[in-house]
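Going by this note's numbering, the sequence shown opens with residue 88, and the numbers climb by one from there.
A virtual CB, placed ideally from N, CA and C, is assigned to each residue, including glycine.
Down below is the structure, laid out as structure tokens.
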Amino acid sequence: MFDNKSILITGGTGSFGKKYTQILLEKYIPSKIIIFSRDELKQFEMQQTFNAPCMRYFIGDIRDQQRLIEAMEGVDYVIHAAAMKQVPAAEYNPMECIKTNIDGAENVIKAALHNEVEKVIALSTDKAANPINLYGATKLASDKLFVAANNMVGKRRTRFSVVRYGNVVGSRGSVIPFFRKLLAEGVEELPITDPEMTRFMITLREGVEFVLKNFSRMHGGEIFVPKIPSMKMTELADALSPGIGQKVVGIRPGEKLHEIMCPADDSHLTLEFDDHYVICPTIQFSEAADFSCNKLGERGGKVERGFEYNSGNNSVWLTHEQLLEMAQEEE
Numbered sequence: 088m089f090d091n092k093s094i095l096i097t098g099g100t101g102s103f104g105k106k107y108t109q110i111l112l113e114k115y116i117p118s119k120i121i122i123f124s125r126d127e128l129k130q131f132e133m134q135q136t137f138n139a140p141c142m143r144y145f146i147g148d149i150r151d152q153q154r155l156i157e158a159m160e161g162v163d164y165v166i167h168a169a170a171m172k173q174v175p176a177a178e179y180n181p182m183e184c185i186k187t188n189i190d191g192a193e194n195v196i197k198a199a200l201h202n203e204v205e206k207v208i209a210l211s212t213d214k215a216a217n218p219i220n221l222y223g224a225t226k227l228a229s230d231k232l233f234v235a236a237n238n239m240v241g242k243r244r245t246r247f248s249v250v251r252y253g254n255v256v257g258s259r260g261s262v263i264p265f266f267r268k269l270l271a272e273g274v275e276e277l278p279i280t281d282p283e284m285t286r287f288m289i290t291l292r293e294g295v296e297f298v299l300k301n302f303s304r305m306h307g308g309e310i311f312v313p314k315i316p317s318m319k320m321t322e323l324a325d326a327l328s329p330g331i332g333q334k335v336v337g338i339r340p341g342e343k344l345h346e347i348m349c350p351a352d353d354s355h356l357t358l359e360f361d362d363h364y365v366i367c368p369t370i371q372f373s374e375a376a377d378f379s380c381n382k383l384g385e386r387g388g389k390v391e392r393g394f395e396y397n398s399g400n401n402s403v404w405l406t407h408e409q410l411l412e413m414a415q416e417e418e
């Protein structure tokens, strides 16, 4: 699907962008991979590893619509990974978070429509479902913008979808590198926010593979949610450091006890497939799609009313050994 195609990744120097680029180069022969981001040092560092003839590095900010329009000229597929993600930073700098995550999303949409990009997938987060912090609220607004953008396409070929998943094992800012740093410093106890806290867990490669597949699956307007395992934070700490004590420090501002990916309020819109869920759009003004059968011919069925997919009621849980294998895979 990606052979001889031009792909642009916003926020492409991040953990996801690097892994996405690696897998694209391993499996396909793209005509261009455009890394769009605002940090020249990160781009320079990424160029030392990813320097294939098809690679292009564009300095730009998703807050700058004109620069995005220029960067997307001739592009077939866009992965929108750029975002302001740190919960405390978003709470302290709310307008900056809004400018990046909401205004930036609108700019990506307008640039894609201007250039008639074929397909756009925006990355979301479990924090966008029933959000209680600003980061999650801005990502929910972003999700709504990308879903609704399908009603603005007119006769253009452009289609937009969203992928939502949970904690990425080993990514920058995740709990595993944090715990390992503390252990290397010789701490006698690891901080646990709450003994009952759970999180969805996914590897970076699994996240990238899921996004890649959804480019083939999408009609436009779906929110794709993978079926992935959960883990208690206490179990995660035990797996990383058997015998090390744990200290309960309390839930931090903006945190949930359990994360949600398919809210109960959206159960009437949610379809279950073999390895994922799809949340259908609430409104379709353009051509109606049968979301129960995706472009790959996979079929899904409606979930029960009131169904909620959250990390606390998950039917699949990681063992210590599985977590360590996932963590090792990402090293």
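Pick from 190, 218, 397 that is closest to residue 313, judged by C-alpha positions: Counted from its first residue, the sequence shown places residue 313 at position 226. Shortest Cα-Cα distance from residue 313 to any of 190, 218, 397 involves 397.
Reference residue 280; option with closest CA among 309, 343, 288, 222: Counted from its first residue, the sequence shown places residue 280 at position 193. Comparing alpha carbon positions, the residue from 309, 343, 288, 222 closest to residue 280 is 343.
Report the CB separation of residue 251 from residue 307 in whole angstroms; it is logged as a contact under 8 Å. As a first step, residue 251 is located in the sequence shown; it is residue number 164 there, counting from the start. As a first step, residue 307 is located in the sequence shown; it is residue number 220 there, counting from the start. Contact between residue 251 and residue 307 does not hold, since the beta-carbon distance rounds to 16 Å and is not under 8 Å.
Ignore the nearest five residues each way along the sequence and tell me which others in residue 294's own chain have a CB closer than 7 Å to its CB. Stepping through the sequence shown from its first residue, residue 294 is reached at position 207. Excluding sequence positions up to five before and after residue 294, its CB lies within less than 7 Å of the CB of 103, 252, 255, all in the same chain and listed in chain order.
What are the complete alpha helix (DSSP H) segments, minimum 4 residues, inside the segment 105-190? List check, alpha helix (DSSP H) in window: 127-136, 152-158, 174-179, 181-185.
Are the beta-carbon atoms of residue 203 and residue 243 separated by less than 8 Å? Here residue 203 is taken as the residue at index 116 of the sequence shown, counted from 1. Here residue 243 is taken as the residue at index 156 of the sequence shown, counted from 1. The Cβ atoms of residue 203 and residue 243 sit closer than 8 Å to each other.
Count the CB pairs spanning the segment 199-213 and the segment 151-171 that are closer than 8 Å, and state whether there are at least three. Verdict: yes, contact present.
Closest by CA to residue 116, which one among 134, 394, 88, 132? Indexing the sequence shown from 1 puts residue 116 at position 29. Checking every option, the nearest Cα to that of residue 116 belongs to 88.
Between the CA atoms of residue 120 and residue 108 - distance to the nearest angstrom: Within the sequence shown, numbered from 1, the residue matching residue 108 stands at position 21. Within the sequence shown, numbered from 1, the residue matching residue 120 stands at position 33. So the alpha carbons of these two residues sit roughly 7 Å apart.
For residue 157 and residue 171, which I take to be in contact (beta-carbon distance under 8 Å), what is that distance rounded to the nearest angstrom? Within the sequence shown, residue 157 is the residue found at index 70, counting from 1. Within the sequence shown, residue 171 is the residue found at index 84, counting from 1. Your pair residue 157 and residue 171 does not check out as a contact, with CB atoms roughly 23 Å apart and the cut at 8 Å.
Leaving out five residues before and five after residue 337 in sequence, what residues of the same chain have Cβ atoms less than 8 Å from its Cβ? Here residue 337 corresponds to residue number 250 of the sequence shown, with the count starting at 1. So the list reads 280, 281, once near-sequence residues are dropped.
Are residue 152 and residue 198 closer than 8 Å when you measure CB to CB? By one-based count along the sequence shown, residue 152 stands at place 65. By one-based count along the sequence shown, residue 198 stands at place 111. It is a contact, given that the beta carbons lie within the stated cut-off.
Whole-Å CB distance - residue 285 paired with residue 318, under 8 Å assumed: Locating residue 285 in the sequence shown gives position 198, counting from the first residue. Locating residue 318 in the sequence shown gives position 231, counting from the first residue. Residue 285 to residue 318, Cβ: 7 Å. Contact.
CB-CB under 7 Å to residue 111, same chain, minus the five flanking residues each way: which ones, in chain order? Position 24 of the sequence shown, counted from the start, is the residue given in the question as residue 111. So the qualifying residues of the chain are 89, 94, 117, 120.
Could you name the residues that DSSP lists as bridge partners for residue 255? Reading the sequence shown from its first residue, position 168 is the one you call residue 255. Residue 255 pairs with 289.
If you scan the segment 317-352 from start to end, which runs of the alpha helix (DSSP H) of 4 or more residues do you find wholly inside it? Unbroken alpha helix (DSSP H) runs of no fewer than 4 residues, entirely contained in the segment 317-352, are found at 320-327, following chain order.
Taking three-plus beta-carbon pairs below 8 Å as touching, is the segment 297-304 in contact with the segment 339-358? With the cut-off at 8 Å, the segment 297-304 and the segment 339-358 do not touch.
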